[in-house]
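Chains as they are written, first to last, in the numbering used here: chain A, 1 to 268; chain B, 269 to 846.
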Amino acid sequence: MSGDQLDAFRIREEPYYLALGDEVSLFGAAYAARLPVMLKGPTGCGKTRFVQHMAWRLQRPLITVACNEEMSASDLLGRYLLEEGATRWQDGPLTIAARLGAICYLDEVVEARQDTLVVIHPLTDDRRLLSLPAKSEALQAHPDFHLVVSHNPGYQSALKVLKPSTKQRFGAIEFEYPARAREIEILVHETGLAEQLAERLVAIAETARRLKGHGLDEGISTRMLVHAGSLIGQGIGVEAACQMALVQPLTDDPELISTLNASVRACL
Amino acid sequence: MTGTECERHAHVLPEGTSRFVRALWGIDVRVRALPAAANELVPRRPRFVASNLWLPAPKLVGVKGSYDDYLFAASAHIAAHLRFGAARFSVDSLKPIQIAIVSLLEDARVERLAAVHYPGLTRLWAPYYEAQAARAKTSSALLERLARALHDDSYVDDDSWLSKARQSFMAARADWHDSAWCRRLGSALGNDLGQMRVQFNSKDYAVQPAYRDDHVGLWQFEREPSEQGTELEFEGVRRVESDLPATNRRERGVPEISRVLAASASEGASKLRRQESRELEATTRHPEWDYVIRSERPAFCSVNERAVAPGDGARLATALSRYAPAQKRLERCARQLAGRRPSHVRRLLDGDRLDLPAAIAAIVARASATPPDPRVYRRIRVQLEPPALLLLLDLSESLNELPPGARATPLELAQSASALLATSLAFATRDLAIHGFSSNGRHDVGYYRFKHFDEPYDEGARARLAGMRASLSTRLGTALRHAGQALAARDARRKLLLVVTDGEPSDIDVHDPKYLLFDAKQATIGNRRRGISSFCVGLDANAEASVRSIFGQGNYSLLDQLDSLPQRIAELYLRLSA
Numbered sequence: 001m002s003g004d005q006l007d008a009f010r011i012r013e014e015p016y017y018l019a020l021g022d023e024v025s026l027f028g029a030a031y032a033a034r035l036p037v038m039l040k041g042p043t044g045c046g047k048t049r050f051v052q053h054m055a056w057r058l059q060r061p062l063i064t065v066a067c068n069e070e071m072s073a074s075d076l077l078g079r080y081l082l083e084e085g086a087t088r089w090q091d092g093p094l095t096i097a098a099r100l101g102a103i104c105y106l107d108e109v110v111e112a113r114q115d116t117l118v119v120i121h122p123l124t125d126d127r128r129l130l131s132l133p134a135k136s137e138a139l140q141a142h143p144d145f146h147l148v149v150s151h152n153p154g155y156q157s158a159l160k161v162l163k164p165s166t167k168q169r170f171g172a173i174e175f176e177y178p179a180r181a182r183e184i185e186i187l188v189h190e191t192g193l194a195e196q197l198a199e200r201l202v203a204i205a206e207t208a209r210r211l212k213g214h215g216l217d218e219g220i221s222t223r224m225l226v227h228a229g230s231l232i233g234q235g236i237g238v239e240a241a242c243q244m245a246l247v248q249p250l251t252d253d254p255e256l257i258s259t260l261n262a263s264v265r266a267c268l
Numbered sequence: 269m270t271g272t273e274c275e276r277h278a279h280v281l282p283e284g285t286s287r288f289v290r291a292l293w294g295i296d297v298r299v300r301a302l303p304a305a306a307n308e309l310v311p312r313r314p315r316f317v318a319s320n321l322w323l324p325a326p327k328l329v330g331v332k333g334s335y336d337d338y339l340f341a342a343s344a345h346i347a348a349h350l351r352f353g354a355a356r357f358s359v360d361s362l363k364p365i366q367i368a369i370v371s372l373l374e375d376a377r378v379e380r381l382a383a384v385h386y387p388g389l390t391r392l393w394a395p396y397y398e399a400q401a402a403r404a405k406t407s408s409a410l411l412e413r414l415a416r417a418l419h420d421d422s423y424v425d426d427d428s429w430l431s432k433a434r435q436s437f438m439a440a441r442a443d444w445h446d447s448a449w450c451r452r453l454g455s456a457l458g459n460d461l462g463q464m465r466v467q468f469n470s471k472d473y474a475v476q477p478a479y480r481d482d483h484v485g486l487w488q489f490e491r492e493p494s495e496q497g498t499e500l501e502f503e504g505v506r507r508v509e510s511d512l513p514a515t516n517r518r519e520r521g522v523p524e525i526s527r528v529l530a531a532s533a534s535e536g537a538s539k540l541r542r543q544e545s546r547e548l549e550a551t552t553r554h555p556e557w558d559y560v561i562r563s564e565r566p567a568f569c570s571v572n573e574r575a576v577a578p579g580d581g582a583r584l585a586t587a588l589s590r591y592a593p594a595q596k597r598l599e600r601c602a603r604q605l606a607g608r609r610p611s612h613v614r615r616l617l618d619g620d621r622l623d624l625p626a627a628i629a630a631i632v633a634r635a636s637a638t639p640p641d642p643r644v645y646r647r648i649r650v651q652l653e654p655p656a657l658l659l660l661l662d663l664s665e666s667l668n669e670l671p672p673g674a675r676a677t678p679l680e681l682a683q684s685a686s687a688l689l690a691t692s693l694a695f696a697t698r699d700l701a702i703h704g705f706s707s708n709g710r711h712d713v714g715y716y717r718f719k720h721f722d723e724p725y726d727e728g729a730r731a732r733l734a735g736m737r738a739s740l741s742t743r744l745g746t747a748l749r750h751a752g753q754a755l756a757a758r759d760a761r762r763k764l765l766l767v768v769t770d771g772e773p774s775d776i777d778v779h780d781p782k783y784l785l786f787d788a789k790q791a792t793i794g795n796r797r798r799g800i801s802s803f804c805v806g807l808d809a810n811a812e813a814s815v816r817s818i819f820g821q822g823n824y825s826l827l828d829q830l831d832s833l834p835q836r837i838a839e840l841y842l843r844l845s846a
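Take a look at the structure:
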């Protein structure tokens with residue numbers, strides 16, 4: 001059964017990822033040392049794609065959990081279900097990964113409540129132990145198990161910060177939006193845009209990124225550029241695609257929309 | 269068009285345009301409105317001096333297209349100067365016509381360089397070029413055609429002087445990164461015009477097209493700036509525009525005001541700055557919102573924190589005995605609030621744990637072949653702890669007035685209310701502070717801390733509360749910002765700023781009643797962004813409009829019975845904390 005259970009989480013084809021620095025070798029080393037990894041960086045800069053790529057490279061199944069405020073410890077660990085007049089224990093995603101040896105990726109980990117996150121503490125030091133109090137089980141993690149979390153230090157409010165006791169269990173890799181030439185290359189690969197047009201889209205993104213902290217919480221991400229490129233690939237006009245994929249999702253403020261539109265027009 | 273209509277149409281002034289400049293080049297500028305002068309001899313043009321921009325508001329008469337587009341075109345042009353311009357040109361012996369031509373060459377140079385990075389800018393500027401080749405050979409027509417010829421490669425004009433200018437400009441392409449040749453070429457072209465006997469009158473010259481700046485920012489002027497200039501730096505351009513006699517506004521092709529504006533190095537200004545830096549050590553500066561220019565004036569108001577002379581705490585304790593019933597109730601509730609424990613929510617579809625009784629019931633139901641209730645989980649809900657509370661008291665002169673028929677002055681009531689709150693909450697939370705303020709102009713907003721956060725409500729705090737005095741005026745916005753700063757530093761999930769004020773904000777140096785009102789509103793919005801909720805208790809039922817506009821619908825309460833202030837504050841605390 002266990003083999004089947006992990007099968008769905010295996011990545012068969014190489015996810016495209018263009019390395020921006022030495023993150024691939026850093027992650028590889030951390031995996032070899034079983035050091036939990038934290039990926040820091042703005043939204044849409046390629047953190048999740050990177051984890052998928054690394055899971056493929058390391059030939060490990062990848063179990064992703066999108067964290068949110070409502071998430072409780074049992075959403076990670078598992079719970080009893082009622083079935084045919086009896087109760088049956090159902091492992092949660094973290095337990096499955098620890099039991100069977102997968103990479104568990106907790107996306108946007110700060111969104112989870114602090115009291116939820118402490119369950120990962122014994123798992124992330126040399127004990128590598130997952131305690132399941134409801135089941136009275138102390139689970140020794142599989143040798144291949146690896147924990148990866150991501151968080152975006154940019155936009156969360158003051159209330160949402162990781163405890164030092166949680167943070168210090170990880171090695172961290174910082175991500176930024178790719179440099180211009182790299183971002184153009186990514187865009188061309190992902191959307192099939194002509195290089196010249198891709199370059200203009202990146203220029204638009206750069207104008208918006210300068211407004212971070214000046215009305216915008218986040219700039220235009222690589223992911224948004226890919227969206228715009230895909231729309232253009234569907235035959236949508238460049239300005240309309242930028243409206244739909246870049247400007248409108250970024251803000252609702254009419255004044256900022258005017259400014260962003262002016263920037264879009266200036267770039268094209 | 270009325271003033272408010274103008275404002276409404278200017279969507280992007282000032283933030284939109286300053287952000288646009290930042291988006292393009294990462295340069296931070298300050299944008300302000302340039303209003304129409306009373307007797308305008310020549311049409312207004314945008315203006316910049318270093319990173320200060322003035323853009324026409326309301327819209328210029330006769331300029332086509334949308335006002336927003338015009339403002340973006342103007343700010344993009346100035347941004348090109350800021351990004352690609354070198355040091356200012358020195359006037360030396362140049363004639364007015366030469367100054368005008370050099371400026372146009374420089375305009376074209378920076379625009380061409382900007383368009384390499386942002387090709388769309390050329391289209392943004394294009395609609396404002398209206399010059400036609402056929403027009404007469406007056407200097408202003410020629411200059412307008414020159415601007416177009418340098419901007420628009422498809423423009424056809426076979427005037428020999430223009431062709432020469434255009435060819436020389438394009439021939440210098442390799443040198444576009446440098447501006448020195450603009451001065452050389454411009455003075456040569458100016459000489460040519462002189463020989464052609466073309467007259468140039470700098471008094472009625474307005475730069476064309478209309479989105480361009482008036483070239484003031486491009487030149488270094490010889491005469492030392494006047495004292496008036498320093499004033500202008502601080503008070504904005506409005507005032508000097510109207511103060512300057514129209515007759516000496518222009519000289520040598522550039523308006524008189526330019527000298528005034530170029531005042532950065534003036535002695536008066538530096539003296540002022542030195543004085544400011546000394547003051548900074550003892551006081552805290554806060555910005556103030558000016559609704560006219562729709563912009564914050566940075567570090568505009570000074571808050572001076574002053575020690576409170578202790579009063580008779582025993583007398584205050586006696587006064588408090590009148591409120592014994594309210595105090596009992598408040599104490600009881602406060603204890604309950606503080607003693608909140610996590611509670612279980614049962615019978616949920618999804619939760620942390622099985623709700624055992626519900627699960628058993630479900631199994632029993634199943635065994636007896638009736639449909640089981642699937643809600644068999646429970647969840648632990650963590651209750652909210654009481655908020656961090658800052659009680660901010662408006663201590664202006666009017667608090668000393670005994671209203672007809674009242675038993676106590678508003679000041680005495682404010683004291684009792686503070687004491688009641690502090691006494692009752694003493695056992696429950698230390699996340700309570702009581703501050704007050706009274707202002708004497710923007711340079712002196714007095715701020716008093718009667719009870720600090722984390723401090724027990726003891727003899728010292730009681731004596732300080734008893735020493736509360738009321739005088740002077742109400743610069744509410746500044747006090748809100750200062751209190752917001754103190755509250756923002758608290759480590760609490762919820763932060764509450766409870767303001768007690770007796771009416772509209774006012775101060776001795778402000779005559780426009782709307783000014784401080786809008787500033788206080790802006791301060792409240794700023795506090796909300798920092799996670800601070802504000803609530804106001806208004807002591808004057810007639811001031812509802814202003815209190816509502818500052819704090820917003822539902823965030824205020826007006827007292828019809830002044831004597832009930834202490835009970836009312838206590839009730840409010842409970843309601844807002846629950």
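All residues carry an ideal CB built from backbone N, CA and C; glycine is no exception.
| Check | Outcome |
| --- | --- |
| Residue span of the alpha helix (DSSP H) that contains N459/B, given as start and end | A448 to Q463 |
| S221/A classed as buried or exposed, judged by whether at least 16 other C-beta atoms fall within 10 angstroms | buried |
| Simplified DSSP assignment, three categories, for Y396/B | helix |
| For K471/B, three-class secondary structure by DSSP | helix |
| Beta strand (DSSP E) segments (min. 3 residues) lying fully within the region 88-148 of chain A | 103-107, 129-132 and 137-140 |
| Spatial distance of V522/B from D217/A (CA atoms) | With a pLDDT of only 41 at V522/B, under 50, the local geometry of the prediction cannot be trusted, and the value read off the model is given with reservation. Computed Cα separation, rounded: 42 angstroms. |
| Residue-level contact to chain B via CB, L256/A, 9 angstroms cutoff | yes |
| Amino acids of chain B, ordered along the chain, whose beta-carbon sits closer than 8 angstroms to that of A208/A | A291 |
| Minimum Cβ-Cβ distance from D699/B to chain C less than 9 angstroms | Note that chain C does not occur in the displayed structure, where the protein chains are A and B. |
| Neighbourhood of A55/A by C-beta distance below 6 angstroms, restricted to the same chain and skipping five residues each side | I11, L62 and I103 |
| Nonlocal neighbours in the same chain, by C-beta distance under 8 angstroms from V424/B, ignoring five residues either side | A401 |
| Assigned secondary structure, L830/B (DSSP; H/G/I helix, E/B strand, else coil) | helix |
| Members of the region 67-93 of chain A near chain B, C-beta cut-off 7 angstroms | S72, A73, S74, Y80, L82 and G85 |
| Nearest to A368/B (by Cα), restricted to the options T552/B, G485/B, Q683/B and A577/B | G485/B |
| Inter-residue spacing [alpha-carbon to alpha-carbon] between R527/B and V317/B | Unreliable positioning characterises R527/B in this predicted model, as indicated by a pLDDT of 40, which lies under 50. A coordinate reading is not provided. |
| Environment of D511/B [buried if 16+ CB atoms lie within 10 Å] | At D511/B, the pLDDT of 35 sits below 50, so the modelled position is not reliable; the number obtained from the coordinates is stated separately. Burial call: exposed. |
| Host beta strand (DSSP E) of V310/B (start-end) | Run containing V310/B: none; DSSP gives neither H nor E here. |
| Validate contact between the region 734-745 of chain B and the region 783-797 of chain B using beta carbons, cut 8 angstroms, 3 pairs | yes |
| Backbone secondary structure at V713/B - three-state DSSP | strand |
| C-alpha gap between A304/B and R717/B, whole angstroms | 46 angstroms |
| C-beta neighbour in chain B for L250/A, strict 9 angstroms | no |
| Chain-ordered chain B contacts of G215/A [CB-CB under 8 angstroms] | E283 and R287 |
| Residues of the region 381-399 of chain B with Cβ closer than 8 angstroms to any Cβ of chain A, in chain order | H385, Y386, P387, G388, L389, R391 and L392 |
| Through-space distance from R356/B to A530/B, alpha-carbon basis | Bear in mind that the predicted position of A530/B carries a pLDDT of just 39, short of 50, making it too unreliable to give a figure here. |
| Segments of 4+ residues assigned as alpha helix (DSSP H) that fall wholly inside the region 179-222 of chain A | 180-191 and 195-209 |
| Residue-chain proximity (G794/B, chain A), Cβ-Cβ < 9 angstroms | no |
| Three-way DSSP call (helix, strand, coil) for K405/B in this model | coil |
| Test item: CB-CB of Y715/B and A747/B under 9 angstroms | yes |
| N-terminal and C-terminal residue of the beta strand (DSSP E) that A172/A is part of | G171 to E174 |
| Residues of the region 611-625 of chain B with Cβ closer than 8 angstroms to any Cβ of chain A, in chain order | G619, D620, R621 and L622 |
| Per-residue contacts from A266/A into chain B (C-beta, under 7 angstroms) | L292, A344, Y386, G388, L389 and L392 |
| Residue from L622/B, L660/B and L657/B with nearest C-alpha to P642/B | L622/B |
| P655/B versus C601/B - alpha carbon distance | 14 angstroms |
| Cβ pair count under 8 angstroms reaching 3, the region 131-140 of chain A against the region 178-194 of chain A | no |
| Option nearest G462/B by Cα separation, candidates P282/B, L410/B, C804/B and S570/B | L410/B |
| The region 293-301 of chain B touching the region 437-445 of chain B, judged by at least three CB pairs closer than 8 angstroms | no |
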